[in-house]
Each structure stands twice: as structure tokens, then as C-alpha cells.
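One structure is given below, encoded as C-alpha cells.
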Amino acid sequence: MTQHKIGTLFIAVLAFAVLSAFTPQDQKKGGAWNIPANYKSMKNPTKANDAELLKIGKGLYAKHCKACHGNNGQGDGPKAKQLKTFPGDFLSAEFKAYGDGELFYMSFVGRDEMPNFEKKITTDEDRWAIVNYMRSMKK
93 MTQHKIGTLF IAVLAFAVLS AFTPQDQKKG GAWNIPANYK SMKNPTKAND
143 AELLKIGKGL YAKHCKACHG NNGQGDGPKA KQLKTFPGDF LSAEFKAYGD
193 GELFYMSFVG RDEMPNFEKK ITTDEDRWAI VNYMRSMKK
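Heads up, this note's numbering is the position in the sequence shown plus 92, with the first residue counted as 1.
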């Protein structure tokens, strides 16, 4: 093997090792959420496709959520790598199966590494705007 090929192979192996060290495969999946019944039955009082609320939700998401959950909600934000638990994928079937009230609870009450946001995002309108924005995400 020529030195050029050896160098290229070395760089490829090194790049793979570095990238592998920062992928979600090292993170565990969070356990089942224990969501109170009142949140499970909670209905979203806003329109899911309200353009103004989606704009508000997008801005709040960028400020409070994007660092861990990523641009498209796939759990690949820059802070996600520091977490022991994978932040989740908002595009997954599992996420889409949750009711709006369940997402409301998970997003603002939180648990473990998912912080409580009740004091940072104080109005229900803003909270529902974020839930609606998360629901609107696509690749």
C-alpha cells in the first residue's frame, strides 16, 4: 500500500471513530413517561395550523428547545451530545402517537434531563404554540 493510501485510510478510520463517539447510539432511550390523567385527556385549545402561533412557537422553540432537540426535532442539537439520554425524535411514529396534552406535560413539566420549563415559558398560549410547532416539523 502506498503512503497516500495508508494516510487516507487512517484519516477515514479516525473520522469514523470521532463521529461514532458523538452519535446517539451511546445514549440510552428514556423510560416510559408517567403522565397524569388530566394531561392525557387535555385538549389543545388552539388551531394547529394557526400561522401566527406557529411563528411564535418556532421562535420559542429556537430559544428553549433547539439546543438539545435540533433544528428539525430529531434530538441532534449541539447540547444533545452531552446528555446521557437521547432527547427523542419528534418525527418518529412514537412521538406522533402522543396526544397534545401528553406533549404539553413532557415539554413543560419535564423529568430527569428534560428540564421543567413552567417558569421560563409561562403562558399556555406560548406552550401550545410550541406543541403545535413541534407537530408541524418535517425533515
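Glycine included, every Cβ here is placed at the ideal spot set by N, Cα and C.
Determine, using beta-carbon pairs with one atom in the segment 133-140 and one in the segment 183-198, whether at least three such pairs fall under 8 Å. Because the criterion of three Cβ pairs below 8 Å is met, the segment 133-140 and the segment 183-198 touch.
Let me know if G167 comes out buried or exposed under the rule of 16 or more other beta-carbons within 10 Å of its beta-carbon. Taking the sequence shown and counting its residues from 1, one reaches residue 167 at position 75. By the 10 Å Cβ count, G167 comes out buried.
Between R227 and chain D, is there a C-beta pair that is closer than 8 Å? Within the model displayed, chain D is absent; a lone protein chain is all it includes.
For the segment 146-161 against the segment 199-219, are there 3 or more C-beta pairs whose distance is under 8 Å? By the Cβ test, the segment 146-161 is in contact with the segment 199-219, since at least three Cβ pairs between them sit closer than 8 Å.
Would you mind listing the alpha helix (DSSP H) stretches within the segment 147-193 that are 4+ residues and don't spill past its ends, in chain order? As far as the segment 147-193 is concerned, its whole alpha helix (DSSP H) runs of at least 4 residues are 158-161 and 185-188.
Is the beta carbon of M226 sitting closer than 8 Å to the one on G165? Looking up residue 226 in the sequence shown gives position 134. Looking up residue 165 in the sequence shown gives position 73. Judged by their CB atoms, M226 and G165 are nearer to each other than the 8 Å cut-off.
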